[in-house]
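Notes follow the structure.
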Amino acid sequence: PHEIEDAAPPSAEHWERAQLVASLDSGYIQRVDEKQLMRLAEEHDLLIRMDSRPGDFVADGAPLLKALPVSGGGEEVEALLRGCLVVGRHRTPHQDALYAVQQLAEIAAHALSPGINEPFTALKCIDWLGACLREVAGRDLPAAMRYDGNGRLRVITRPVTFEALVATALDQIRIYGASNPDVLAKLFETIASLTPALHRVNDRQVLIRHTRRIGDEIRQVANEADRERITALYQKTLAALTEG
Numbered sequence: 244p245h246e247i248e249d250a251a252p253p254s255a256e257h258w259e260r261a262q263l264v265a266s267l268d269s270g271y272i273q274r275v276d277e278k279q280l281m282r283l284a285e286e287h288d289l290l291i292r293m294d295s296r297p298g299d300f301v302a303d304g305a306p307l308l309k310a311l312p313v314s315g316g317g318e319e320v321e322a323l324l325r326g327c328l329v330v331g332r333h334r335t336p337h338q339d340a341l342y343a344v345q346q347l348a349e350i351a352a353h354a355l356s357p358g359i360n361e362p363f364t365a366l367k368c369i370d371w372l373g374a375c376l377r378e379v380a381g382r383d384l385p386a387a388m389r390y391d392g393n394g395r396l397r398v399i400t401r402p403v404t405f406e407a408l409v410a411t412a413l414d415q416i417r418i419y420g421a422s423n424p425d426v427l428a429k430l431f432e433t434i435a436s437l438t439p440a441l442h443r444v445n446d447r448q449v450l451i452r453h454t455r456r457i458g459d460e461i462r463q464v465a466n467e468a469d470r471e472r473i474t475a476l477y478q479k480t481l482a483a484l485t486e487g
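See the structure below:
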């Protein structure tokens, strides 16, 4: 019987017997040739699973991907599969969806640190982070399961989710800006501005959770009038998300 099932991915037991393709260098995965991976999967009748994605660090000898079935592969196919991934010393934004978001979030967090104290820089970063999230919210995200022209599962990836992007964009800024009323206000306004672009239920739930986490920080704002203003924005944002 064939080891690859059309309807569902193989079990963990099957993957334990898979051909492992390891990295020959330490560094960051910079790009993946997904078209070539699909061609190789079809040509050699493989199911390929990638547990890493562009932006992930891999050590020399660490697994890049696994392939089923083991039989019929061999060193030649292993080399061809490894050639579909580029590993380098630095992260690059070409296929790394989290890279630009992390850069902006880190600039904002740095600007909010006590030694720097440049809140307007952080506010500008939040504007651009909101623009990034709004664009992603309106898109169809890549599927983890990739099928060939005959509907046969060939490649399993680990794409970046909207949830991961939101956490990367908001978590550090929420922590470093927790006592700054202008930062909290900007976060609520930015989240509220995303609501017209939302078309996935899960994305809306992600934003509701983050809105509530930011709401928990309002108690750190020292001035009572500021707390009242931010609380009103918090309630308005939550209402926009729950009523949409």
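By the count of the numbering used here, the sequence shown reaches residue 487 at its end, each step adding exactly one.
C-beta atoms are modelled at their ideal positions from N, C-alpha and C, and glycine is treated no differently.
Which two residues bound the contiguous beta strand (DSSP E) that contains residue i?
i, result
"proline 306", "306-311"
"glycine 331", "328-331"
"leucine 324", "Leucine 324 -> not in any beta strand (DSSP E); alpha helix (DSSP H) instead, spanning 317-325."
"arginine 282", "Note, arginine 282: premise wrong, no beta strand (DSSP E); alpha helix (DSSP H) at 277-286."
"valine 264", "262-265"
Helix, strand or coil: how does DSSP classify residue i here?
i, result
"methionine 388", "strand"
"glycine 270", "strand"
"alanine 483", "helix"
"arginine 292", "strand"
"valine 185", "Any property of residue 185 remains undetermined from this structure, which presents the chain solely from 244 to 487."
"valine 464", "coil"
"alanine 302", "coil"
"threonine 335", "coil"
"arginine 443", "coil"
"asparagine 475", "At residue 475 the sequence reads alanine, which differs from the asparagine that was named. Residue state, collapsed to three classes: helix."
"glycine 458", "helix"
Inspect the beta-carbon positions of residue i and residue j and report whether they are closer than 8 angstroms.
i, j, result
"proline 424", "isoleucine 473", "yes"
"isoleucine 350", "leucine 430", "no"
"arginine 452", "arginine 417", "no"
"leucine 408", "arginine 447", "no"
"leucine 372", "proline 362", "no"
"leucine 323", "leucine 366", "no"
"aspartate 294", "leucine 267", "no"
"cysteine 375", "alanine 352", "no"
"lysine 309", "arginine 296", "no"
"glycine 185", "arginine 325", "Any question about residue 185 goes unanswered here, given that the chain covers just 244 to 487."
"glutamine 273", "cysteine 327", "no"
"alanine 255", "alanine 305", "no"
"threonine 400", "arginine 389", "yes"
"threonine 404", "isoleucine 434", "no"
"glutamate 318", "aspartate 391", "no"
"leucine 290", "arginine 397", "yes"
"valine 275", "valine 301", "no"
"glutamine 463", "alanine 421", "yes"
"arginine 334", "glycine 298", "yes"
"glutamate 486", "valine 449", "no"
So that I know if they touch, is there some Cβ in chain D lying closer than 8 angstroms to that of residue i?
i, result
"alanine 407", "Judged by its chain identifiers, the structure shown contains no chain D, having just a single protein chain."
Got a sec: does the ligand FAD put a non-hydrogen atom nearer than 7 angstroms to the Cβ of residue i?
i, result
"cysteine 375", "The ligand FAD is not part of the structure shown, which contains no ligands of any sort."
If you follow the alpha helix (DSSP H) that residue i is in, where does it begin and where does it stop?
i, result
"alanine 255", "255-259"
"valine 426", "424-437"
"valine 344", "340-354"
For my contact list, residue i and residue j are in at a C-beta cut-off of 8 angstroms; report their separation, rounded to the angstrom.
i, j, result
"valine 441", "alanine 380", "First, the residue type needs correcting, since residue 441 is leucine and not valine in the sequence shown. About 5 angstroms separates the two Cβ atoms, so the contact holds."
"leucine 427", "glutamate 460", "6 angstroms"
"leucine 307", "proline 253", "Wrong, their Cβ atoms sit about 18 angstroms apart, outside the cutoff."
"alanine 412", "alanine 348", "6 angstroms"
"leucine 476", "glutamate 432", "7 angstroms"
Original post:
At what residue ranges does the stretch 358-418 contain a whole run of the alpha helix (DSSP H), taking only runs of 4 or more?
Top reply: 362-380
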